[in-house]
Each structure stands twice: as structure tokens, then as C-alpha cells.
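Taking it in order: structure first as C-alpha cells, then the write-up.
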Amino acid sequence: MFAYLVKRVFQAIAVMFVISLIGFAIQDNLGDPLRELVGQSVSEEVRQELRDERGLNDSFMTQYLRFAGNARRGDLGTSYFFKEPALDVILKKLPATMELVLGATIIIIGLSIPVGVYTAIYPNTIISRLIMGISIIGISIPVFLTAILMIYVFSVEYGWFPSYGRGDVVHVFGYWETNFATVDGWMHILLPSIALASIMLPLFVRLIRAEMMEVLQSEYVKYAKAKGIRPWRIYFVHALKNTLLPVITVGGVQIGTMVADTILTETVFQWPGMGFMFLEAVNRVDTPLIVAYLIVVGFIFVVTNTIVDLIYGLVNPTVNLARMGA
Amino acid sequence: MSLLSVRDLSVKFAMRDTTVTALDQISFDLAKGERLGIVGESGAGKSITGFALMNLLSRPGFVDKGKIMFQGDDIVQMPEARMRNIRGNQMAMIFQDPMVTLNPVLTIGQQMVETLQAHRKLSKAEAEQIAIVKLREVYIPSPEERLKQYPHELSGGMRQRIIIAIALLLDPQLIIADEPTTALDVTIQADIMELLLELCQSNKVGLILITHDLGVVSQMTERTLVMYAGRIIEAGRTREIINDPQHPYTQGLINALPQQTKPGQRLKQIPGNMPSLTAIPAGCPFSPRCEFVKPHCLTEAPKTVQYAHVEVACHEVNRLHSSTDSITQSDKAEEIQA
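So the sequence lines, in the order shown, correspond to chains V and U.
Count along the first sequence starting at 1, add 687, and that's the number in the numbering used here.
Count along the second sequence starting at 1, add 16, and that's the number in the numbering used here.
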């Protein structure tokens, strides 16, 4: 187990190295940072001086090593716009995004398992056919369209839910403020969570259904029936556990993807999270902030995948984590 | 009264625009504690018979006609809740491949305890005690530790022993074993069969052994059914069927055994293949492969008749018998068993 953990941590470091390299290469090719810093009225000599001062004329490798060295100490550069360390800017926005992802994840897990199982057990009922039809529509409609549609219907037409912002948040610790402590907070997070879940939810319903239908055809399910086991036990103990094994793996990747997907949802709902911040940073050509965002999202991706792999090893008895470290 | 009595059982499969007959009016009986073999080629309907007896035909298969009387009740008409109480309890099944029969994510203990708890009010500890006793009966070493293990930690032979132990958990009246050793190593096959025979005899459990191996049938069973294209074409005491088969198909099967051929000779095959269920020939289904075929074999389905100790479905059974030399076949049972 410990050896496996060490191996996974080394893999994660390798992935982070590649991400930082790509992130830095983007920064290096995203135009002249001096233009953003000093504007157009400064003479070319002063510009050259400033470039030398900031090491912008050094070779790519020298610049990267300096960047990586700083990054290792938690310094991802200073945002041009906010004039603060980029990491601090992101960490202030992180809780809002993570709560949004959490809300969407709860919706996805809470609905996809029962719905997926139901449509697998009764594939031919009208309800199942309806669900499968709707799921195709859900996958096909882009998130921003779903979001705008929901704002139009539920905020503008009916006025049930607020259309933007986080509403009343309660401070928990550090930068963390939560939506889940007040009614107003819940009202604000509901629509964005549903919008964010709208692509992944149908995907997971279909995935769980397909896996479950395959498992229900297996010999061990037939054998459980031949032993006289009750149907609910066959479905939820024998079949569901085997169904969820591949779903866990896919789920880990998708949580990371969802963090990146928040860009669209947050923009439409003016949600003050990392995604919204990223889009603003792009508009302002705030290169250090863009690169810092890429690296933080990459880090979240790597961490969730590592955790999911560990969980998979604990759930699946045929995976021996102790032996996999060797 | 017989334990099991099957009458005119027909099983069909609903295809897109037609139905295919997989079992065509088969009838047989099984006395309490009797061991019956069902032999035939792949696709003859042996496994379907087994699953029909458990009322576990998976779609698109369904029982079209007929009765399956088990201890006086018709399984075909039985409500699912009562049927579930019979499955695993009074009628247990042993599947073909032990590598895929046990659930990979549940421990042996969980899979044994749930079977007991599905039919009897027992605590987990009580159920585990029964499980340990049964594991000892099938010669599983240190059964207490096995309960905590997962299937992948055990060998194929060990798993099939555990499946036999699960079959015996609730002291059933009947065990249906569907090719229980085909997926196993040759060296383990004999052990498993011997164990199954010993346990059926000592517990007075009825056995239906589905196999394509005539040698196994001659060792294990008292009576045998020979199936071909969804029909029973010959039935009788195993000894008589092996020693003095009446149907040309059964004769072909026995002559094809390696023991019937001298070293260096080619094995005697039955020419052709069994017909697909979608294209069973009219008349006698075996007629295209039969060396004794007569014109009426191609048009009229043969009736089952009693002939020389066995029941056989063949028009030409009289003529056949006069042409076969029954004296040379008298020692075949011993030969095949060896």
C-alpha cells in the first residue's frame, strides 16, 4: 500500500512537471508582458532595461528553471491586474468553484445511480425510454445554452431562483466561504449546479446503465438467481458493486474535467469562482494568472485521479495495492 | 411418487419474426435420490433443459407447453416468490465454469451466508457454522479462513468444490450439474466427479448431470437421456444405453469414443453436424446423418417406443437391432469406465 502510494506520488510529480512546462511555454508565447505593464508611452530603451531587469531576455531554459523554482515555493508569479501573487488570487476564488463542483457532483451521484440502475433493470418501460431520450438531449445541448435557458425560465419568467452571484455566504475558515449554510446560499447554488451537472449526469446515467446491463447478463448474477437470492439483493449487492468499479475510474477523470467546465457555467451565472476569473484574466491578457490557473487545475486533476485510483484499489478486491507497488 | 416429472415440455425462443423450438415435447421422470445423465452434442438442448427445470430461462427463451412437476407442484405455473424459495433450497444448480460463477467482489463467506439466509432465519454466525461444516464435507482445508477470502484467491478446482458445498448448504432434493468439470483441468475433473457422486449417494440427493462425456455418465448415473436437436431420442438405464444402444445416433456416439478404436485407426465419426435449431429437418431430425435412413424417415417424425430395455425414437429400430451384434458390445460399459 505504502509503496503504491509513493509510486503514485512520483507519477503525479512527473505529470505536474509536464503541465508546468506547457503552462510556461504558453506564457512565453503570449505576447509581450511589457505592453500590459507599462502601456505605450514608454520609450524602447526603458522597455529594454525593464526586460533585462525581469530576466525576459534570458534563454527559455533559464526562464523556465527560475519559474519552476519559484513555483516549488508556491510562487506562481504576480497578477498584472490584481498586483497580488497569482496563487493568492486563485485561492480566494477556489472555494466558490469547489462548492459548485461539489453541488454538481452530489446531483450527479445522487441521480445517476438510481436512474441508471432503474433503466438497466427495466430497459423497455416507457419511463426508461423517456429517460434515455432526454439523456441524449442533455448530452447534446451545450452547458451555456442550458444555463441561459434555465435563467430565462426559472429566474426571469417564474422568478423562483436568483440569476447571478453566490448570495449569502458564511465564512468558514481562511478564504473559504460556504453557500451551504443559508437558504439564500442554497437558492443561488442550485441553478449553476444543475447547469454544470447537465452534461455529466446523462453521461453517467448511460454509463451506469450500460455497465449494469452487462453485469446482469453475467454468470454470477444467473448463479445468484439460482441460489434463490432476492432480486433487490442481486441488483444492489451482486450487480451494483461490479457495475461501479469501471464507473469510479471514469468518474475520477470527469471530476477534473468538471473543474475546467466551470468556466462556462460561472461566466453565465456571474459566479465569482476560478473559471469566471480565468475568462477575465484572458480578456486582460493577465498571463501569470492564466498560467497559475492552468497549473492549479492540473494539480486538482492529478490529485483527484490519484485519490480515485486509491479508492478503486480499496473497493476492488482483485486489485492488490501492496503488490502493485513492487 | 417420483421427485421430478417432466411432461411434454416445449421451450421456444422468440426471434425477431419467428419462434425457434429449442426443446420439443420432452418427457422424463426422476425418482428421489436417483442420478440421471443427459448427454448430447453442443446445442442439443441439455443446458436449456437444466435452466427450464430451475425456471430460469433467460429471454427470449420461454416454456411454450408442458409441465414440470417437482414434489407434486408444477414449476411452470408457480409464482416467482415460491419458485425462489425452491431455488438453491430444494433444487440447487452447479454451473459450468467456476472461474466466472462466483461473484468476484463478494467473499466466499458472504456468498454462502446469503444463500442460507435467503431460505432460513439464521444469524450470520449460525450460517457461518453451517458453511464451515459443508466446506469440510467437500474437503476444503482450513474452511474458517476460506470464508474471508475472495474467489480470485482460490484455484478453479477449489472454487468448484465451494460451489458444490453451496449446492449442498440447504440439503436439497435435487442437484442439477451443468457440465461441472468442462472448464477444469483433466486431473481435477475426476476428483470433482468422484466428490459429487460420493456426496449425492451419502446425502441421498437426486442428480441431473448434463454432460457430453459418455464415460462420466457411465460412472455417475443410473439412467441416461440422449438428446438430439431438442428431442430425447433415447432413454433408459445407463448400463443398457452404453452396452446396447438402439438409436443410430447413440451408436454413433459410442463408436466414436477413442476406446472403441484400435491404436493407429482413425476415430469413427458421425458424418455431418447437428442441424441448427432454425433449420431442423422434417421427419426424423437425425435423418440427414443416418446410415439407415428410409424414405418415411424424411417425412414422418418417429414416435418413442419401448425396445430392448430402452425407450427410443427411431422408425428403423427393429431392422437396426437385427443388424447389430449385441454380443460384441456387452463389455463396453466396463471398457468405457476404465
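Cβ coordinates follow ideal geometry from the N, Cα and C atoms, glycine included.
Does the beta carbon of residue i sit closer than 9 Å to a beta carbon anywhere in chain U?
{"i": "Pro1004 of chain V", "result": "yes"}
{"i": "Arg917 of chain V", "result": "yes"}
{"i": "Glu906 of chain V", "result": "yes"}
{"i": "Gly1000 of chain V", "result": "no"}
{"i": "Lys694 of chain V", "result": "no"}
{"i": "Arg759 of chain V", "result": "no"}
{"i": "Gly1012 of chain V", "result": "Because Gly1012 of chain V sits at a pLDDT of 46, beneath the cut-off of 50, its placement in the model cannot be relied upon, and the point is left open."}
{"i": "Asn866 of chain V", "result": "no"}
Whole-angstrom Cβ separation of residue i and residue j, contact assumed at under 8 Å?
{"i": "Arg100 of chain U", "j": "Gly915 of chain V", "result": "5 Å"}
{"i": "Ala356 of chain U", "j": "Ile110 of chain U", "result": "Here chain U comprises residues numbered 17 to 354, so residue 356 of chain U is not present and cannot be evaluated."}
{"i": "Leu132 of chain U", "j": "Leu186 of chain U", "result": "7 Å"}
{"i": "Pro188 of chain U", "j": "Val232 of chain U", "result": "Incorrect: roughly 21 Å between the Cβ atoms, too far for contact."}
{"i": "Pro879 of chain V", "j": "Leu787 of chain V", "result": "6 Å"}
{"i": "Lys779 of chain V", "j": "Tyr862 of chain V", "result": "5 Å"}
{"i": "Ile156 of chain U", "j": "Ile178 of chain U", "result": "7 Å"}
{"i": "Ala329 of chain U", "j": "Thr320 of chain U", "result": "5 Å"}
{"i": "Val27 of chain U", "j": "Leu73 of chain U", "result": "7 Å"}
{"i": "Met887 of chain V", "j": "Gln941 of chain V", "result": "6 Å"}
{"i": "Pro120 of chain U", "j": "Thr1005 of chain V", "result": "6 Å"}
{"i": "Leu163 of chain U", "j": "Gly125 of chain U", "result": "3 Å"}
Against chain V, with Cβ distances strictly below 9 Å, would residue i count as a contact?
{"i": "Asn105 of chain U", "result": "yes"}
{"i": "His263 of chain U", "result": "no"}
{"i": "Ser259 of chain U", "result": "Position check: residue 259 of chain U holds Asn in this sequence, whereas Ser was assumed. It does not: the Cβ of Asn259 of chain U has no partner Cβ on chain V nearer than 9 Å."}
{"i": "Asp90 of chain U", "result": "no"}
{"i": "Phe111 of chain U", "result": "yes"}
{"i": "Val27 of chain U", "result": "no"}
{"i": "Glu161 of chain U", "result": "no"}
{"i": "Arg100 of chain U", "result": "yes"}
{"i": "Pro274 of chain U", "result": "no"}
{"i": "Asn119 of chain U", "result": "yes"}
{"i": "Leu215 of chain U", "result": "no"}
{"i": "Ala108 of chain U", "result": "yes"}
{"i": "Ile182 of chain U", "result": "yes"}
{"i": "Arg32 of chain U", "result": "no"}
Give me the Cα-Cα distance between residue i and residue j, rounded to the nearest whole angstrom.
{"i": "Ala791 of chain V", "j": "Arg741 of chain V", "result": "42 Å"}
{"i": "Pro114 of chain U", "j": "Tyr166 of chain U", "result": "13 Å"}
{"i": "Ser234 of chain U", "j": "Glu906 of chain V", "result": "29 Å"}
{"i": "Asn856 of chain V", "j": "Val870 of chain V", "result": "One point to set straight first is that residue 856 of chain V is Val, not Asn, in the sequence displayed. Taking the straight line joining both Cα atoms gives about 10 Å."}
{"i": "Tyr323 of chain U", "j": "Phe29 of chain U", "result": "33 Å"}
{"i": "Gln145 of chain U", "j": "Leu170 of chain U", "result": "21 Å"}
{"i": "Ser339 of chain U", "j": "Tyr265 of chain U", "result": "With a pLDDT of 47 at Ser339 of chain U, under the threshold of 50, the modelled position of this residue cannot be trusted, and the question is left open."}
{"i": "Leu212 of chain U", "j": "Val892 of chain V", "result": "44 Å"}
{"i": "Gln262 of chain U", "j": "Arg239 of chain U", "result": "15 Å"}
{"i": "Lys278 of chain U", "j": "Gln285 of chain U", "result": "14 Å"}
{"i": "Thr37 of chain U", "j": "Leu25 of chain U", "result": "11 Å"}
{"i": "Val92 of chain U", "j": "Phe841 of chain V", "result": "54 Å"}
{"i": "Ile257 of chain U", "j": "Lys310 of chain U", "result": "24 Å"}
{"i": "Leu737 of chain V", "j": "Ile794 of chain V", "result": "51 Å"}
{"i": "Thr806 of chain V", "j": "Ile895 of chain V", "result": "9 Å"}
{"i": "Glu130 of chain U", "j": "Thr812 of chain V", "result": "30 Å"}
{"i": "Leu836 of chain V", "j": "Val830 of chain V", "result": "10 Å"}
{"i": "Phe867 of chain V", "j": "Pro849 of chain V", "result": "15 Å"}
{"i": "Met376 of chain U", "j": "Ile204 of chain U", "result": "There is no way to answer for residue 376 of chain U, as the model of chain U reaches only from 17 to 354."}
{"i": "Phe988 of chain V", "j": "Glu160 of chain U", "result": "43 Å"}
Looking only at its own chain, which residues have a Cβ that is under 8 Å from the Cβ of residue i, when we skip the five neighbours before and after it?
{"i": "Gln750 of chain V", "result": "Phe711, Asp715, Gly742 and Leu743"}
{"i": "Cys313 of chain U", "result": "Gly299, Cys300, Ser303, Cys306, His331 and Glu332"}
{"i": "Ile977 of chain V", "result": "Ile713, Gln714, Leu717, Phe965, Ala968 and Val969"}
{"i": "Ile935 of chain V", "result": "Val995, Ile998, Tyr999 and Val1002"}
Using C-beta distances below 6 Å, list every residue in its chain close to residue i, excluding the 5 sequence neighbours before and after it, in chain order.
{"i": "Thr833 of chain V", "result": "Ala882 and Ser885"}
{"i": "Glu953 of chain V", "result": "Gly960, Gly962 and Phe963"}
{"i": "Asp360 of chain U", "result": "Residue 360 of chain U lies beyond the stretch modelled for chain U, which goes from 17 to 354, so this question has no answer here."}
{"i": "Phe769 of chain V", "result": "Val776"}
{"i": "Arg695 of chain V", "result": "Thr993"}
{"i": "Ile876 of chain V", "result": "Gly790 and Asn866"}
Once you ignore the five residues that flank residue i on each side, which residues in its own chain have a CB closer than 7 Å to its CB?
{"i": "Ala783 of chain V", "result": "Arg853, Trp958, Pro959 and Gly960"}
{"i": "Val908 of chain V", "result": "Val902, Ile921, His925 and Ala926"}
{"i": "Thr198 of chain U", "result": "Gln112"}
{"i": "Leu200 of chain U", "result": "Gly172, Gly173, Gln176 and Ile208"}
{"i": "Pro291 of chain U", "result": "Ala245, Pro297 and Pro301"}
Any beta carbon from chain B within less than 9 Å of residue i's own beta carbon?
{"i": "Arg816 of chain V", "result": "Note that chain B does not occur in the displayed structure, where the protein chains are V and U."}
Is there contact here, the stretch 143-152 of chain U with the stretch 76-84 of chain U, by at least three beta-carbon pairs under 8 Å?
They do not touch, by the three-pair rule.
Contact the stretch 55-64 of chain U vs the stretch 227-245 of chain U: 3+ CB pairs below 8 Å:
Here the stretch 55-64 of chain U lies against the stretch 227-245 of chain U, with 3 or more beta-carbon pairs under 8 Å apart.
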